[in-house]
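Student: Encoded as structure tokens, here's the structure I'll be asking about.
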Amino acid sequence: MTSRAQVSVDAVSPSQRLPAWHSLVSTHLGRTPESFRARDSGRWEPLAGQAFCGSLEYGMLGGAGLCRLIATPHRFVRSMYTRLEDAPSPLMLVMQQKGCAVFEQDGRSGMLEPGDWCILDAAMPFAVDHPSGCDQIILTPPRPSDPALVELIARGRALRCGGNRGSSRLVQTMLGEAYGQFDRLPSDTARILADAIASFAWHAVQERCATSNKDTVRDTLRHKLKAFIDKNLSEPRLCVEMIAQGCGCSVRSVHRAFADDPQGSASEHIWHRRVAQCASALKNPNNASRSVTDIAMDWGFSSPSHFSRVFRSHLGVSPKAYRLAR
């Protein structure tokens, strides 16, 4: 059986947290040799004007690394000018647990929501935004040597796999259960499970690559619309018509793009994202002197009573109670 360990930068002085975090992630997620870290161009940028905090719980599932990464809002960018062939940078199967993550690699971009996952290649340039904080389970399976799988991964990296049906759902379920049990499994069982998750992931990526163009276009448009929404959340007038105009499409196209979205319509998504940003701001110690109403207005709410109702409907408590619970 493998052990489960946890590390955090919360006790490190704020000015040293990002270098400390970079070292922890490189060591325990990337398993990067110290000789390579000096050439690693990855950088972490806190968002929302708050001090960075992060923790990493990690271990091994057979020959694959497995961890849960939790951190405050931030952006990570790795911009290599050339691929470093000698660097053992991992493939990452990244599954979203809470909030959302906006990722980009190979000219593809998308948004992960709870249950969604994707494959990212840490040996290639990529960027990930965590606007409301990060909570992800990440598996780092061995790179396959089969040329067909290598080619499939090249086509399928940075493609969002929804965790609501088919092989993608099996990957989501298996990975979640594996994370909960990996330190209780015999070595042979852990190895078999890691191989099974990777195998199902490759099948799911193959299915995703074979998705009809119509569905792919709808997914791409929905991701574009959500990125526009996130960029304009503070605008009280944000509505379906404004989204359509800003993204160069019709109102009908906006409604169609959100027709099968787990969070509901475009309007429902706006309120969901506003509540998430307000919740993050209410927990931020830097905002202790700011009123709840002031924070709500910053994120596009125009009425304190409406904000309180929407906040309670999403999180089950009032904004004031949520703030005091920290």
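Quick note on numbering: the sequence shown equals residues 585 to 910 in my numbering. Each residue gets a CB set at the ideal place from its N, CA and C atoms; glycine is no exception.
In chain order, which beta strand (DSSP E) runs of at least 3 residues are fully inside the region 879–910?
Tutor: The qualifying runs do not exist here; there are none.
Student: Let me know the alpha helix (DSSP H) ranges lying completely inside the region 671–756, each 4 residues or longer, listed in chain order.
Tutor: Those alpha helix (DSSP H) runs which fall completely within the region 671–756 and span 4+ residues are 731–740.
Student: Measure the Cβ-Cβ separation of MET676 and LEU723 and say whether it is below 9 Å.
Tutor: In this structure, LEU723 lies closer than 9 Å to MET676 by Cβ.
Student: Taking 9 Å as the cut-off, decide whether the C-beta atoms of SER693 and ALA811 are in contact.
Tutor: Closer than 9 Å, so yes.
Student: From ALA794 to ALA788, what distance separates their C-alpha atoms?
Tutor: Spanning the two alpha carbons is a distance of roughly 10 Å.
Student: Taking three-plus beta-carbon pairs below 8 Å as touching, is the region 732–742 in contact with the region 760–767?
Tutor: Cβ pair count under 8 Å is below three, so no.
Student: Considering just the uninterrupted stretch of the beta strand (DSSP E) at ARG659, what are its terminal residues?
Tutor: Per DSSP, ARG659 belongs to the beta strand (DSSP E) from 658–662.
Student: Quick one: what's got a C-beta closer than 7 Å to ARG910's C-beta in the same chain, skipping five residues either side?
Tutor: Any reading at ARG910 must be qualified, since the residue scores a pLDDT of 47, below 50, and its modelled position is unreliable; no value is offered.
Student: Kindly indicate which three-state DSSP category PRO869 falls into: helix, strand or coil?
Tutor: Helix, per DSSP.
Student: DSSP state of VAL591, grouped into three classes?
Tutor: Of the three classes helix, strand and coil, the one that applies to VAL591 here is strand, per DSSP.
Student: In terms of alpha-carbon separation, which member of GLN861, PRO715, SER663 lies closest to ASP690?
Tutor: Among GLN861, PRO715, SER663, the Cα nearest to that of ASP690 is on SER663.
Student: Alpha helix (DSSP H) containing GLU641: first to last residue?
Tutor: Not the alpha helix (DSSP H): GLU641 falls in the beta strand (DSSP E), residues 638–645.
Student: Using the Cα positions of LEU736 and ALA785, report the straight-line distance between them to the nearest angstrom.
Tutor: If I take the Cα positions, the gap works out to 11 Å.
Student: How about GLU825: is its Cβ closer than 8 Å to a heavy atom in the ligand NAD?
Tutor: As far as ligands go, the structure on display features none, and thus does not contain the ligand NAD.
Student: Since PRO630 is in the beta strand (DSSP E), which residue starts that stretch and which ends it?
Tutor: Here the beta strand (DSSP E) through PRO630 covers 627–630.
Student: Hey, how far is the Cα of ARG857 from the Cα of ASP730?
Tutor: So the alpha carbons of these two residues sit roughly 41 Å apart.
Student: Under 7 Å Cβ to Cβ from ASP814, same chain only, skipping five residues before and after it: list those, please.
Tutor: PRO715, ARG857, listed in sequence order.
Student: Count the other CB atoms within 10 Å of the CB of ALA863; is the residue buried (16 or more) or exposed (fewer)?
Tutor: With 16 or more Cβ atoms within 10 Å of its Cβ, ALA863 is classed as buried.
Student: How many Å lie between THR877 and LEU822 at the Cα?
Tutor: If I take the Cα positions, the gap works out to 19 Å.
Student: List the residues that DSSP assigns as beta-bridge partners of ALA648.
Tutor: Answer is LEU645.
Student: Mind reading off the beta-carbon distance from GLY643 to LEU613? Whole number of angstroms is fine, and I expect it under 8 Å.
Tutor: The pair is not a contact, with the Cβ atoms about 11 Å apart (cut-off 8 Å).
Student: Using the beta-carbon count (16 or more within 10 Å), is ARG792 buried or exposed?
Tutor: With 16 or more other Cβ atoms within 10 Å, it is buried.
Student: With a CB to CB cut of under 6 Å and the five nearest residues on each side skipped, what residues in its chain are close to ASP713?
Tutor: For ASP713, where only same-chain residues beyond five positions count, the Cβ hits under 6 Å are ARG659, VAL686.
Student: Can you tell me where the alpha helix (DSSP H) with ASP779 in it begins and where it stops?
Tutor: Where ASP779 is concerned, the enclosing alpha helix (DSSP H) stretches over 771–793.
Student: Reducing DSSP to helix, strand and coil, say where ALA811 ends up.
Tutor: Residue state, collapsed to three classes: helix.
Student: Would you call ASN871 buried or exposed, if buried means 16 or more other Cβ atoms sit within 10 Å of its Cβ?
Tutor: Burial call: buried.
Student: Give the straight-line distance between the Cα atoms of GLU825 and SER887, rounded to the nearest whole angstrom.
Tutor: Distance between the alpha carbons of GLU825 and SER887 is about 21 Å.
Student: By the three-class DSSP mapping on this structure, what secondary structure does LEU608 have?
Tutor: LEU608 falls in the helix class under three-state DSSP.
Student: Compute the Euclidean distance between the alpha carbons of LEU602 and SER873, then round it to the nearest angstrom.
Tutor: Straight-line Cα distance between these residues: approximately 26 Å.
Student: Within 10 angstroms of its Cβ, does MET585 collect 16 or more other Cβ (buried), or is it exposed?
Tutor: With fewer than 16 other Cβ atoms within 10 Å, it is exposed.
Student: Between which two residues does the alpha helix (DSSP H) harbouring SER597 extend?
Tutor: Neither: SER597 is in no alpha helix (DSSP H) and is coded neither H nor E.
Student: Roughly how many whole angstroms lie between the Cα atoms of LEU754 and GLY747?
Tutor: Going by the C-alpha atoms only, they are around 8 Å apart.
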